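Participant: Take this structure first; my questions come after.
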Amino acid sequence: MNQEATLAYIKQHGILPESKFGQNFLCDDEVIASIIDLAGIESHAKVLEIGPGIGALTRELSKLDIDLTAVEIDKRLAELLRNDPEIRAEVIDQDYLKLKDYGAGSFDIIISNLPYYVMTDIMKKIFAECINARKMVFMVEEDAIQRINARSSTKQYGPLAVLVGTFGLFEECMRVPGHCFVPKPRTMSAVISLTREGRASVLSPEYIRFIDSCFAQRRKKMINSLTSYPKDKVLSALADLGLKSTVRAEELSPETFIRLYDAIIS
Ligand code: SAM
């Protein structure tokens, strides 16, 4: 839907975009087509869309021969989507962050124009649960890219960058200006794509808890934060990897975190 059609749809259905849900609806047909293109969706793929809103992406995805699930927190919008003849998707009207038993492991592709206020939590839940996803395409706030794709030993480096680096290849695909949304957001946005690589198989709720614990006191020695793991195992794992016991989480690459985790839990 272009801007005119989006404004008409919003008016027709009396929708007042809710800033508490981060509702900025995409209204640029080229950006919508590019996002779907980037996802490289093949026939019969199982696709999860988080936050379909009024269906800018969902409507185009519905034209493909795929199995689509869309999770929308706003019950009114979810109902509109369910009754929309152009939408072919299972629409779940729930907070994705609270969603359970949704067959997370079955999704091949995840697409979302992410609600910016919960971007990190949603991405972490996807990494923890959608363990077979091979591709993710997200719209994010441009400023967040520094955190999403941060290098070790920088101020921005934290659990999110470690998990993104663990999942695989990160690409920043395009910048998206405010006029491509209704209403216009305060900041520039960007589309990113993440492609699975071999090391992604370590991702699980336990692994994410481990990474979060490592960064719990990021300015301090990592060992002081790893209190839920046997101290002797942590110390010998660090020594085996040639790391000092005083090392801080922000100094370790995603690959080193995987080796450390394997050594501690083995
Ligand atoms: N996909 C639509 C688009 O591109 O126009 C809407 C994107 S809008 C930035 C984010 C959407 O996520 C909104 O529809 C909002 O209601 C929904 N949302 C916000 N928080 C959510 C959550 N915790 N779980 C599921 N959906 C959520």
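Numbering (our numbering), first residue to last: 12 to 277. In this text, a Cβ means the ideal position worked out from N, Cα and C, and glycines have one as well. Note that this is a predicted model, so its numbers are computed, not measured.
Go through its chain and collect everything with a Cβ distance to D11's Cβ below 8 Å, but skip five positions before and after it.
Facilitator: The question about residue 11 has no answer, for the chain in this structure spans 12 to 277.
Participant: Could you check whether H55 and D78 sit closer than 8 Å to each other, using their CB atoms as the reference points?
Facilitator: Closer than 8 Å, so yes.
Participant: For L59, collect the residues of the same chain with a Cβ closer than 6 Å to its Cβ; drop the 5 residues on either side in sequence, then sort them by chain order.
Facilitator: The residues are T80, F118 and I121.
Participant: When the Cα atoms are used, what is the spatial distance from R197 to T238?
Facilitator: When rounded, the distance between both Cα atoms is 41 Å.
Participant: Check whether the Cβ atoms of K146 and T206 lie closer than 8 Å to each other.
Facilitator: Against a cut-off of 8 Å, the Cβ pair of T206 and K146 comes out as a contact.
Participant: Which complete alpha helix (DSSP H) runs does the stretch 74 to 106 hold, if anything under 4 residues is left out?
Facilitator: 86 to 93, all fully within the stretch 74 to 106.
Participant: Using the rule of at least 16 other Cβ atoms within 10 Å of the residue's Cβ for burial, across every protein chain shown, is E83 buried or exposed?
Facilitator: Flag for E83 reads buried.
Participant: Return the chain-ordered list of same chain residues with a C-beta closer than 7 Å to the C-beta of Y168, the five sequence neighbours on each side being excluded.
Facilitator: Here the set comprises A161, R162 and E261.
Participant: Is there contact between the stretch 122 to 134 and the stretch 21 to 41, where contact requires at least three CB pairs shorter than 8 Å?
Facilitator: With the cut-off at 8 Å, the stretch 122 to 134 and the stretch 21 to 41 touch.
Participant: Going by DSSP, name the residue or residues bridged to R207.
Facilitator: G179.
Participant: For the beta strand (DSSP E) containing S123, list its first residue and its last residue.
Facilitator: Note, S123: beta strand (DSSP E), I120 to N124.
Participant: Rounded to whole angstroms, what's the CA-CA distance from Y272 to R210? Just pull it up for me.
Facilitator: Distance between the alpha carbons of Y272 and R210: 13 Å.
Participant: For S180 versus M134, is the C-beta spacing smaller than 8 Å?
Facilitator: A quick correction: the sequence has Leu, not Ser, at residue 180. Cβ distance not < 8 Å, so L180 and M134 don't count as in contact.
Participant: Work out the CA separation of A201 and P28 for me, nearest whole Å.
Facilitator: When rounded, the distance between both Cα atoms is 21 Å.
Participant: Taking the beta carbon of R158 as the centre, do at least 16 other beta carbons fall within 10 Å, making it buried, or is it exposed?
Facilitator: The residue in question, R158, is buried, as its Cβ has 16 or more Cβ neighbours within 10 Å.
Participant: Taking 8 Å as the cut-off, does the stretch 244 to 260 touch the stretch 218 to 231 (at least 3 CB pairs, one atom from each stretch)?
Facilitator: At 8 Å Cβ cutoff, the stretches touch.
Participant: Are I142 and L214 closer than 8 Å when you measure CB to CB?
Facilitator: Result yes, Cβ atoms of I142 and L214 sit closer than 8 Å.
Participant: List the DSSP bridge partners of V202.
Facilitator: Bridge partners of V202: M150 and M185.
Participant: Within 10 angstroms of its Cβ, does P63 collect 16 or more other Cβ (buried), or is it exposed?
Facilitator: Per the 10 Å Cβ criterion, buried.
Participant: Around the C-beta of G176, are 16 or more other C-beta atoms found within 10 angstroms, so that it is buried, or is it exposed?
Facilitator: Looking at its Cβ environment, which holds 16 or more other Cβ atoms inside 10 Å, G176 is buried.
Participant: Check K244 in the structure and name its three-state DSSP category.
Facilitator: Helix.
Participant: Pull up the distance between the alpha-carbon of A44 and that of L91, whole angstroms please.
Facilitator: In a straight line, the C-alpha of A44 is about 22 Å away from that of L91.
Participant: Within 10 angstroms of its Cβ, does T165 collect 16 or more other Cβ (buried), or is it exposed?
Facilitator: Classification of T165: exposed, given that the 10 Å Cβ count is below 16.
Participant: Short check: CB of P265 to CB of V151, under 8 Å?
Facilitator: No.
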